[in-house]
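Chains as they are written, first to last, in the working numbering: chain L, 1 to 351; chain S, 1 to 351.
Next comes the structure, spelled out in structure tokens:
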């Protein structure tokens, strides 16, 4: 801990995410991106053009005393090695997600953090996503009564990005890339033990790593939480769908308000059955308008600037860290349970 | 078999479905609804008003030589007893779905059919539903390339109908009531063995029987088939969602055309990332319009009249029966696998 006013950050891996962090932290006066190292010449050049000091090696960057914090935004498989080296060199570490590729590796990183007294924090930026904050508000405020199912879907149709994310040895695949976000959100939303995990992976566009998955978590209360990532979905299903005993909520897509429909009153004697070509159904007939109420829950504002503000406030002894390592470990173990369930084609016990 | 021109039908159980069959068969000249028996006085009265001969007992109806076919539309738990009695009395049997409540009971019914030489056929009317015929056409014609996932959902928000369908001893619950339809459709669509079954039940409005379920079938090719029935869904998810390696199909609701979006071309170099409050994603960015093609597949016409036409044609030796008992048995065993999986909270091997 220190009470410095401004923490200097050096970036390791100036790729898509690494180069995006300065933008994410724009306006956060407590941190300053000052340097960068990348193995690719053209990325070094770009960093230099953008006013960052570039280093010839990781060791050079770590040896520079002006650097307080190292941001690691490399492929996933080398996070661990770099993070431990950085902490041992006296730097705090902000690490891109997934923090690493196994819980054993993460434990080594946590041990290093404890041994060196340096911060290790993971950039779980999607905790600040507005769709998540909105559905969480609906859950927290019990707008639907007792929630019994939550469905969280992220659908694209481009396959896996054509970089290291397609490769197993670099920690590619959609469980690690997107699963890590939506699992983190699940555990933040539902404050219960996860008892069971069942999951299947897809390999539509890629045989080496999963290009999507479906997982079902059974929480202690019986609540079912479905998580789905797809990269061959040319039509998308809603981002969020939540069922309570008194109503349903839906968020169709990023940036859209939530729609909530709840029951009011029970008198349904004049049900008009749905007639299809081959039958009729009263059970599945829509409710009459006067027995439901529909409301719009506007998107809850999220401010991703809080991430770096919190890192600085933590280092100044003013705040708890928001993204805690035990939370990160729990998500990592859940991802391992997903891989285990998919491989065994069985339900896996969890907590 | 006989070559009668018109087969006379007697109805056992003149409730919602029993009284609906004459309407379903209207215009089918090969069958005629002539009589009815119901344990409720007011239903007897209604049948009489509608020109049906009413009987004082099941035995009386079965003893009437003018009756060729008995339609059984009672609660599920007594289908078996009545069907066997009817066949032994020399009647052919049309039975409402689910044919009975266990595969052992069904085997007894099949044995009786073979012993007596009488037809036993189940009214799986939703084989003629237009949404099903439309999605099946998309599957059969490989419009999406190789299909790897099919999702079939039936969502209502009224709980279970407030009659015997709420009671375990009468064979209530949504697996038996609606599962029997959408499982039958699944097995008709995908001509492969089902290797694995995983299912969970809901008890949101009822503790005695399931008021909904989610099941995942893994077919031999790896194709995943999700089936979902919900009765506390105030906002519904699409009736059909199908994913192929080259495109996606959706049918939003009963009576709606299918929408199909397929890939064309791969050049996606100028991806515009989706920016959310807390991050950006290229993986989940929508495709540019010029890299996809969107088409509407109009609803395929279905004619439920074919059910009774086929029964008559079969009895006249002119056609195979459409709804075959081995198919019905397979669905019954799948429903048992669903109950077993839900109870054990485990994946169950099937075929």
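Even for Gly, the Cβ is constructed at its ideal location relative to N, Cα and C.
Please read all numbers here as calculations on a predicted model, not as lab measurements.
With 16 other CB atoms within 10 Å as the buried threshold, where does residue i fall?
i: residue 179 of chain S; result: buried
i: residue 97 of chain S; result: buried
i: residue 57 of chain S; result: exposed
i: residue 80 of chain L; result: buried
i: residue 1 of chain L; result: Residue confidence is low: residue 1 of chain L scores 46 on pLDDT, short of 50, so the model does not pin down where it sits. No coordinate-derived value is stated.
i: residue 283 of chain S; result: buried
i: residue 253 of chain L; result: exposed
i: residue 221 of chain S; result: exposed
i: residue 303 of chain S; result: exposed
i: residue 229 of chain L; result: buried
i: residue 207 of chain L; result: exposed
i: residue 275 of chain L; result: exposed
i: residue 121 of chain S; result: buried
i: residue 289 of chain S; result: exposed
i: residue 92 of chain S; result: buried
i: residue 68 of chain L; result: buried
i: residue 141 of chain S; result: exposed
i: residue 41 of chain S; result: exposed
i: residue 22 of chain L; result: buried
i: residue 296 of chain S; result: exposed
i: residue 95 of chain L; result: buried
i: residue 155 of chain L; result: buried
i: residue 324 of chain S; result: exposed
i: residue 6 of chain S; result: exposed
For residue i, decide whether its Cβ has a neighbour in chain A, counting only Cβ atoms nearer than 9 Å.
i: residue 50 of chain S; result: Chain labels in this structure do not include chain A; the protein chains are L and S.
Which residue or residues does DSSP assign as beta-bridge partners of residue i?
i: residue 224 of chain S; result: S:149 and S:218
i: residue 259 of chain S; result: S:250 and S:296
i: residue 275 of chain S; result: S:280
i: residue 53 of chain L; result: L:35
i: residue 241 of chain L; result: L:151 and L:250
i: residue 213 of chain L; result: L:201 and L:229
i: residue 92 of chain S; result: S:69
i: residue 348 of chain L; result: L:197
Is any beta-carbon of chain L found at less than 9 Å from that of residue i?
i: residue 308 of chain S; result: no
i: residue 297 of chain S; result: no
i: residue 129 of chain S; result: yes
i: residue 15 of chain S; result: no
i: residue 177 of chain S; result: yes
i: residue 301 of chain S; result: yes
i: residue 230 of chain S; result: yes
i: residue 227 of chain S; result: no
i: residue 259 of chain S; result: yes
i: residue 125 of chain S; result: yes
i: residue 304 of chain S; result: yes
Would you kindly report the start and end of the unbroken beta strand (DSSP E) that includes residue i?
i: residue 294 of chain S; result: 292 to 297
i: residue 8 of chain L; result: 7 to 12
i: residue 120 of chain L; result: 120 to 122
Consider the Cβ of residue i: report whether some Cβ of chain S lies at a distance smaller than 9 Å.
i: residue 247 of chain L; result: yes
i: residue 350 of chain L; result: no
i: residue 1 of chain L; result: Bear in mind that the predicted position of residue 1 of chain L carries a pLDDT of just 46, short of 50, making it unreliable; the figure below should be weighed with that in mind. Closer than 9 Å: no.
i: residue 196 of chain L; result: yes
i: residue 8 of chain L; result: no
i: residue 262 of chain L; result: yes
i: residue 250 of chain L; result: yes
i: residue 282 of chain L; result: yes
i: residue 33 of chain L; result: no
i: residue 287 of chain L; result: yes
i: residue 240 of chain L; result: no
i: residue 274 of chain L; result: yes
i: residue 387 of chain L; result: This structure cannot speak to residue 387 of chain L, because chain L is shown only from 1 to 351.
Terminal residues of the continuous alpha helix (DSSP H) containing residue i?
i: residue 106 of chain L; result: 103 to 116
i: residue 312 of chain S; result: 305 to 315
i: residue 79 of chain L; result: 79 to 88
i: residue 208 of chain S; result: That residue, residue 208 of chain S, is in no alpha helix (DSSP H); it is neither H nor E in DSSP.
i: residue 72 of chain S; result: It is not in any alpha helix (DSSP H) - residue 72 of chain S instead sits in the beta strand (DSSP E) that spans 69 to 72.
i: residue 157 of chain S; result: Residue 157 of chain S -> no alpha helix (DSSP H), and no H or E assigned at all.
i: residue 97 of chain L; result: Premise fails: residue 97 of chain L is in no alpha helix (DSSP H) and is neither H nor E.
i: residue 431 of chain S; result: No answer is possible for residue 431 of chain S: the residues shown for chain S start at 1 and end at 351.
If you measure beta-carbon to beta-carbon, which residues of the segment 140 to 173 of chain L are closer than 9 Å to chain S?
144, 146, 148, 149, 151, 154, 155, 156, 157, 158, 159, 160, 161 and 165
Proximal residues, the segment 82 to 104 of chain L versus chain S, C-beta separation under 9 Å:
none
Taking a cut of 8 Å between CB atoms, which residues from the segment 198 to 214 of chain S lie near chain L?
198, 200, 202, 204, 205 and 214
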